[in-house]
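Engineer: Numbering-wise (the UniProt record's numbering), the sequence shown opens with residue 1 and increments by one.
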Amino acid sequence: MLSIAALRSIHRQNWSGHNHTEFCPHGSGEDVERYIRQAIACGFKTYSVTEHFPLPQANAQPLQGHPHSIATPTMLTDELPQYFAKLNYLKAKYHHQIRILVGFEIDYIAEYSDWLAEQLAIYHRQIDDAILSVHFLPTPAGLCALDDSAPIFQQGVLQAYGSPLNVTKAYLATVQQAVNWQVPYKPHRYGHLLPHCQWSSSLSDRTIWEDPTTHQKLTAILNTIQTNGELINCHLPQPTPVSVPFNWIQIARQAHIPLVFDANAHCVNDVANGYANYLQAQDYL
Numbered sequence: 001m002l003s004i005a006a007l008r009s010i011h012r013q014n015w016s017g018h019n020h021t022e023f024c025p026h027g028s029g030e031d032v033e034r035y036i037r038q039a040i041a042c043g044f045k046t047y048s049v050t051e052h053f054p055l056p057q058a059n060a061q062p063l064q065g066h067p068h069s070i071a072t073p074t075m076l077t078d079e080l081p082q083y084f085a086k087l088n089y090l091k092a093k094y095h096h097q098i099r100i101l102v103g104f105e106i107d108y109i110a111e112y113s114d115w116l117a118e119q120l121a122i123y124h125r126q127i128d129d130a131i132l133s134v135h136f137l138p139t140p141a142g143l144c145a146l147d148d149s150a151p152i153f154q155q156g157v158l159q160a161y162g163s164p165l166n167v168t169k170a171y172l173a174t175v176q177q178a179v180n181w182q183v184p185y186k187p188h189r190y191g192h193l194l195p196h197c198q199w200s201s202s203l204s205d206r207t208i209w210e211d212p213t214t215h216q217k218l219t220a221i222l223n224t225i226q227t228n229g230e231l232i233n234c235h236l237p238q239p240t241p242v243s244v245p246f247n248w249i250q251i252a253r254q255a256h257i258p259l260v261f262d263a264n265a266h267c268v269n270d271v272a273n274g275y276a277n278y279l280q281a282q283d284y285l
């Protein structure tokens, strides 16, 4: 896996840092080679393939939670050899046109952090890049995904925590754990700093997601990332962050934290999703 220094040296103006493949069970199923060709056509010079790393389904304590959230978020462990073989083939095939970084988007789940550290020790030599993200929060019924669907969010996470503000507080506490987590081969790029962008439109415009406490938590997270010299994904498909009341991107810019373009592409048509906004805002500087 590339070092922090190597990641920071990549020219971010034409680096697409978050993309999925046909191995994603909730993606379009389109072949990753089509994504790569689209990325070349869009002018990218570096392209990170970051499929969802398998969850610990075979762990002695299997994941519990909403069945759809647990069954569909990631590729399977049995698919890893095929994933590596295909991506390494494409990496060589297109190396004259684009630099492909093979990697994963990895879920940080506190109760499985020891298992995850073991997996990083096993696979770090086979990957170039990785994103550390939070997609799940614990509930009385087990883990529940925040970004599965609006109904699952409302009936699972929101019901468990009582309010969107409490969801934000719990989410940021988990992100802080992920940022503070110190193990060998840990990813040094973070995705999804805030929990509420995707489903905010399904709730009232008067919904309260943030307050001074959440501002303090997010500022502390950004300060830690800055101190560690790490990177953050920047996913803004809309020209202005209307669903992000706390403008963390501006604070990250002022702190000179590298912001990597994040399409979060789950289909070929989304390879450049938000790229024009990223360039216009000069978030790569």
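For each residue, glycine too, the CB sits at the ideal point set by N, CA and C.
Count the other CB atoms within 10 Å of the CB of G156; is the residue buried (16 or more) or exposed (fewer)?
Structural biologist: Working through the sequence shown from its first residue, we reach residue 156 at position 156. The residue is buried, with at least 16 neighbouring Cβ atoms inside 10 Å.
Engineer: Grab the span of the alpha helix (DSSP H) containing H215 for me, first residue to last.
Structural biologist: Position 215 of the sequence shown, counted from the first residue, corresponds to residue 215. Start and end: 212 to 228.
Engineer: Would you kindly work out how many angstroms separate the C-alpha atoms of N264 and H18, rounded to a whole number?
Structural biologist: Numbered from its first residue, the sequence shown carries residue 264 at position 264. Numbered from its first residue, the sequence shown carries residue 18 at position 18. Roughly 5 Å between the two C-alpha positions.
Engineer: Classify Q61 as buried or exposed, calling it buried when 16 or more other Cβ atoms lie within 10 Å of its own Cβ.
Structural biologist: Taking the sequence shown and counting its residues from 1, the one referred to as residue 61 is at position 61. The predicted model places Q61 with a pLDDT of 48, which falls under 50 and marks its position as unreliable, so this point remains unresolved.
Engineer: What are the boundary residues of the beta strand (DSSP E) that includes A92?
Structural biologist: Stepping through the sequence shown from its first residue, residue 92 is reached at position 92. A92 -> not in any beta strand (DSSP E); alpha helix (DSSP H) instead, spanning 80 to 93.
Engineer: Taking Cβ to Cβ, would you say A178 is nearer than 8 Å to L222?
Structural biologist: Taking the first residue of the sequence shown as position 1, residue 178 is located at position 178. Taking the first residue of the sequence shown as position 1, residue 222 is located at position 222. Against a cut-off of 8 Å, the Cβ pair of L222 and A178 comes out as no contact.
Engineer: Would you kindly report the start and end of the unbroken alpha helix (DSSP H) that includes L7?
Structural biologist: Residue 7 sits at position 7 when you count from the first residue of the sequence shown. Element bounds for L7: 4 to 8.
Engineer: Quick one, are the C-beta atoms of L193 and I232 less than 8 Å apart?
Structural biologist: For the purposes of this step, residue 193 is taken as residue 193 along the sequence shown, with counting starting at 1. For the purposes of this step, residue 232 is taken as residue 232 along the sequence shown, with counting starting at 1. With respect to the 8 Å criterion, L193 and I232 are classified as neighbours on the basis of their beta carbons.
Engineer: Let me confirm a value: V242 is counted as buried when at least 16 other C-beta atoms fall within 10 Å, else exposed. Which label applies?
Structural biologist: Taking the sequence shown and counting its residues from 1, one reaches residue 242 at position 242. Confidence is the limiting factor: at V242 the pLDDT is only 43, short of 50, which leaves the residue's position unreliable, though a coordinate-based value still follows. V242 should be labelled exposed.
Engineer: My understanding is that A160 touches T139, with C-beta atoms under 8 Å, so please give their C-beta distance in whole angstroms.
Structural biologist: Within the sequence shown, the letter at position 160 stands for residue 160. Within the sequence shown, the letter at position 139 stands for residue 139. Going by Cβ atoms, the distance from A160 to T139 rounds to 4 Å, so yes, they are a contact pair.
Engineer: Quick one, which of A252, D262, V268, Q176 has its alpha-carbon nearest G274's?
Structural biologist: Counted from its first residue, the sequence shown places residue 274 at position 274. Among A252, D262, V268, Q176, the Cα nearest to that of G274 belongs to D262.
Engineer: So what does DSSP say about E118, is it helix, strand or coil?
Structural biologist: In the sequence shown, residue 118 corresponds to position 118, counting from 1. Here E118 sits in helix by DSSP.
Engineer: Which whole-angstrom value is the C-beta distance of V102 and K91, which I expect to be below 8 Å?
Structural biologist: To locate residue 102, count along the sequence shown from 1; it is residue 102. To locate residue 91, count along the sequence shown from 1; it is residue 91. Yes, V102 and K91 are in contact; Cβ-Cβ is about 6 Å, under 8 Å.
Engineer: Just curious, the beta strand (DSSP E) that R99 is in, first and last residue?
Structural biologist: On the sequence shown, position 99 is the one that residue 99 refers to. First-last of the beta strand (DSSP E) with R99: 99 to 107.
Engineer: What are the residues that DSSP puts in a beta bridge with P138?
Structural biologist: Here the question's residue 138 lines up with position 138 in the sequence shown. Answer is L143, bridged to P138.
Engineer: Less than 8 Å between the beta carbons of Y185 and A121, yes or no?
Structural biologist: For the purposes of this step, residue 185 is identified with residue 185 of the sequence shown, where counting begins at 1. For the purposes of this step, residue 121 is identified with residue 121 of the sequence shown, where counting begins at 1. Yes. Within cutoff.
Engineer: Jot down the residue ranges of each uninterrupted beta strand (DSSP E) in the region 254 to 285, minimum 3 residues, whole runs only, in chain order.
Structural biologist: 259 to 261
Engineer: Do you know how far the Cα of W248 is from the Cα of H215?
Structural biologist: By 1-based counting over the sequence shown, the position of residue 215 is 215. By 1-based counting over the sequence shown, the position of residue 248 is 248. Taking the straight line joining both Cα atoms gives about 9 Å.
Engineer: Would residue 290 be called buried (16 or more neighbouring beta carbons within 10 Å of its own) or exposed?
Structural biologist: This structure cannot settle anything about residue 290, because the visible part of the chain is limited to 1 through 285.
Engineer: Name, in chain order, the residues that DSSP records as bridge partners for E51.
Structural biologist: Within the sequence shown, the letter at position 51 stands for residue 51. Beta bridge pairing from DSSP links E51 with F104.
Engineer: Measure the C-alpha to C-alpha separation of C267 and T46 and round it to an integer number of angstroms.
Structural biologist: Residue 267 sits at position 267 when you count from the first residue of the sequence shown. Residue 46 sits at position 46 when you count from the first residue of the sequence shown. Each residue's alpha carbon lies about 18 Å from the other.
Engineer: Compare the Cα-Cα distances from A141 to each of L158, D270, R125, D129 and report the closest residue.
Structural biologist: What you label residue 141 is simply residue 141 of the sequence shown in a count that begins at 1. Nearest to A141 by C-alpha distance, out of L158, D270, R125, D129, is L158.
Engineer: Using alpha carbons as the reference points, say which of N88, D107, P187 lies closest to R99.
Structural biologist: Numbered from its first residue, the sequence shown carries residue 99 at position 99. When only C-alpha atoms are compared, the closest one is N88.
Engineer: For T219, tell me which candidate among A252, Q126, S202 has the shortest Cα-Cα distance.
Structural biologist: As a first step, residue 219 must be located in the sequence shown, where it is residue number 219. Nearest option by C-alpha distance: A252.
Engineer: How is the beta strand (DSSP E) around L165 delimited, first residue to last?
Structural biologist: What you label residue 165 is simply residue 165 of the sequence shown in a count that begins at 1. Looking at the DSSP string, L165 is not in any beta strand (DSSP E); the run it does join, the alpha helix (DSSP H), is 164 to 180.
Engineer: Tell me whether L158 sits in a helix, a strand or coil according to DSSP, three-state version.
Structural biologist: Locating residue 158 in the sequence shown gives position 158, counting from the first residue. DSSP places L158 in helix when its eight states are reduced to three.
Engineer: Measuring straight from C-alpha to C-alpha, what distance separates N277 and N269?
Structural biologist: Numbered from its first residue, the sequence shown carries residue 277 at position 277. Numbered from its first residue, the sequence shown carries residue 269 at position 269. Near 16 Å, if we compare the C-alpha coordinates of N269 and N277.
Engineer: For the alpha helix (DSSP H) holding A41, just list the boundary residues, first then last.
Structural biologist: Here residue 41 is taken as the residue at index 41 of the sequence shown, counted from 1. It spans 32 to 41 - the alpha helix (DSSP H) in which A41 sits, taken as one unbroken run.
Engineer: Using the Cα positions of W15 and S48, report the straight-line distance between them to the nearest angstrom.
Structural biologist: Taking the sequence shown and counting its residues from 1, one reaches residue 15 at position 15. Taking the sequence shown and counting its residues from 1, one reaches residue 48 at position 48. Approximately 8 Å between the Cα atoms of the pair.
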